[in-house]
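Top to bottom, those sequences are chains G and B.
Just so you know, our numbering puts 51 at position 56 of the first sequence, and the rest follows in order with no gaps.
Just so you know, our numbering puts 82 at position 87 of the second sequence, and the rest follows in order with no gaps.
There are 2 protein chains.
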Amino acid sequence: MTRSATSRTTPRPTTRPAETAVSSMSPDDLLKLDQQVCFALAVAARNVIGLYRPVLDPLGLTHPQYLVMLALWERSPLTVREIGRLLSLEPATLSPLLKRLEAAGLIRRDRHPDDERALAITLTPRGRQLREQALDVPPQIVERLGVRVEDLQALHASLSRIIAATTATD
Amino acid sequence: MTRSATSRTTPRPTTRPAETAVSSMSPDDLLKLDQQVCFALAVAARNVIGLYRPVLDPLGLTHPQYLVMLALWERSPLTVREIGRLLSLEPATLSPLLKRLEAAGLIRRDRHPDDERALAITLTPRGRQLREQALDVPPQIVERLGVRVEDLQALHASLSRIIAATTATD
DNA sequence: CACTAACAGTTAGTGCACTAACTAATTGGA
DNA sequence: TCCAATTAGTTAGTGCACTAACTGTTAGTG
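Here it is in structure tokens:
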């Protein structure tokens, strides 16, 4: 752990600002950090989604279904591909999910008039109406989380950076 | 905590800080997809795990399997329950996963000598040896992520708060 | 001592998420 | 014009993750 004397008095070749903090970190620490971040990300996501479960249960929605409904409540005729781009999900994942939402009477899966290949996913009246109940979800989650809003905002900012980095590179 | 502003002079019945910001949002914004922390969390986790896929593929591991191996590389005889506590996973999730690791020749699933109910999960020589290759995983991920280390640290701090909040409450 | 509680792990069933392989519609050239 | 390449969505197959219901073991209590 005790940094070897590599960068002692020498000018430090390519010191981008990003690396300033790294210079105080051993490669070992870097590995640990990465492992911890990926682990924390997976656990936090599972835990938070688990928090949604009892809240979404009365609405008859799972968490991914809830995200799809959020997208549709914002803009209603959407194709499968468009939903996939919004949520970073594969069409193969959405296809059965959308059928379940259709079976629940929340959406319609009609052929797109301009392009027979595509589907026009629209809300049914029941689907549109469900938004009323959904308005109560975020406050309940925030309450159950019991985390300061500033912390949530900080988390959101950090996550956005990661998402930008991982979707831009693709 | 610098919670100064909330303690005005009027007591304000049960205004926890969490609720002030949420209740002051317009209902429209409340359900906006792009400000849902849960959405960002889910997408970030999926993206990062997707980043691991090609890196873990040569090792023959999935991401959850990799996390289990990380736990075992740190401490080797572990029960299913103990792994579950470390990774926040249900025994029902781990049971088939561990059988796959056993089938891959990386672990052994022996009955625990002191308690016939429990399993003693141990590494095989091959499983222990795999650590060598795994040492190369985090640097590859950090490189592919292309994110500043400060951002990773900030993310880790935020996630830790969330995990603490969600596992303590259970 | 017996018998019930609690506990460790497994199995069944549902749903998410991915890749690869497929069908059908559309587009763009040669 | 016609036909190859692209595109939209579906299906099959693997694996993760959960809940509920189960088997078998241990431990606690009457």
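Using N, Cα and C, we set each Cβ at its ideal position, and we do this for glycine too.
Treat the numbers as computed from the prediction; the structure is a model and nothing was measured.
Leaving out five residues before and five after residue i in sequence, what residues of the same chain have Cβ atoms less than 7 Å from its Cβ?
i              : result
L62 (chain B)  : L82
G100 (chain G) : T119 and R121
G227 (chain G) : With chain G running from -4 to 165 in the structure shown, residue 227 (chain G) is simply not present.
R156 (chain G) : none
R104 (chain B) : L93, E97, L114 and I116
Is it the case that the CB of residue i approaches a heavy atom of the ligand PLP more closely than 8 Å?
i              : result
D110 (chain G) : For the structure depicted, the ligand PLP is absent and the ligand set is empty, with no information on it obtainable.
Quick one: which chain B residues come within Cβ less than 7 Å of residue i?
i              : result
S83 (chain G)  : V38, R41 and N42
A160 (chain G) : L140, G141 and V142
A129 (chain G) : L26
Within the same chain, show all residues whose beta-carbon is closer than 8 Å to that of residue i, passing over the 5 residues directly before and after it, in chain order.
i              : result
L130 (chain B) : none
P49 (chain B)  : none
M75 (chain G)  : First, the residue type needs correcting, since residue 75 (chain G) is Val and not Met in the sequence shown. If we look at V75 (chain G) and ignore the five residues flanking it on each side, its Cβ neighbours are P86, L89, S90, L93, A113, L114 and I116.
L96 (chain B)  : Q60, V63, M64, I102 and G122
R106 (chain B) : A113, L114 and A115
L26 (chain B)  : none
I44 (chain G)  : H58
R139 (chain G) : L46 and V50
Using the beta-carbon count (16 or more within 10 Å), is residue i buried or exposed?
i              : result
T161 (chain G) : buried
R41 (chain G)  : buried
D29 (chain G)  : buried
A159 (chain G) : exposed
Q124 (chain B) : exposed
P108 (chain G) : exposed
A98 (chain G)  : exposed
Would you mind telling me which residues of chain B sit closer than 9 Å to residue i, beta carbon to beta carbon, in chain order?
i             : result
D29 (chain G) : V132, P133, P134, I136, V137, L140 and L147
L73 (chain G) : None at all; the shortest Cβ gap to chain B is about 12 Å.
My guess is that residue i and residue j are in contact by the Cβ rule of under 8 Å, so how many angstroms apart are they, rounded?
i              : j              : result
L54 (chain G)  : Q128 (chain G) : 6 Å
L67 (chain B)  : L73 (chain B)  : 6 Å
L154 (chain G) : A35 (chain B)  : 4 Å
V38 (chain G)  : L147 (chain B) : Not really, about 16 Å apart at Cβ, beyond 8 Å.
V142 (chain G) : L51 (chain G)  : Incorrect: roughly 19 Å between the Cβ atoms, too far for contact.
Find the residues of chain G that neighbour residue i, judging by a C-beta separation of less than 7 Å, and give them in chain order.
i             : result
L65 (chain B) : Q30
Given residue i, which residues of its chain have a CB within under 6 Å of its CB, disregarding the five upstream and five downstream residues?
i              : result
T71 (chain B)  : Note that residue 71 (chain B) corresponds to Ser in the displayed sequence, not to Thr. The residues are T117 and L118.
R126 (chain B) : W68
Listing by chain order, which chain G residues have their CB less than 9 Å from the CB of residue i?
i              : result
L168 (chain B) : The question about residue 168 (chain B) has no answer, for chain B in this structure spans -4 to 165.
At a CB-CB cut-off below 8 Å, which residues of chain B make contact with residue i?
i             : result
L54 (chain G) : Those do not exist, as L54 (chain G) stays about 12 Å from chain B at its closest Cβ, beyond 8 Å.
At a CB distance below 9 Å, what residues from the stretch 131 to 157 of chain B approach chain G? Give them in sequence order. Per Cβ criterion, the list reads V132, P133, P134, I136, V137, R139, L140, G141, V142, R143, V144, E145, D146, L147, Q148, A149, L150, H151, A152, S153, L154, S155, R156 and I157.
Along the stretch 83 to 100 of chain G, what residues have a CB closer than 7 Å to any CB found in chain B? If you check each beta-carbon in the stretch 83 to 100 of chain G against every beta-carbon of chain B, the ones closer than 7 Å belong to S83.
Pull out every residue of the stretch 108 to 129 of chain G whose Cβ sits closer than 9 Å to any Cβ of chain B, in chain order. The residues in question are R126 and A129.
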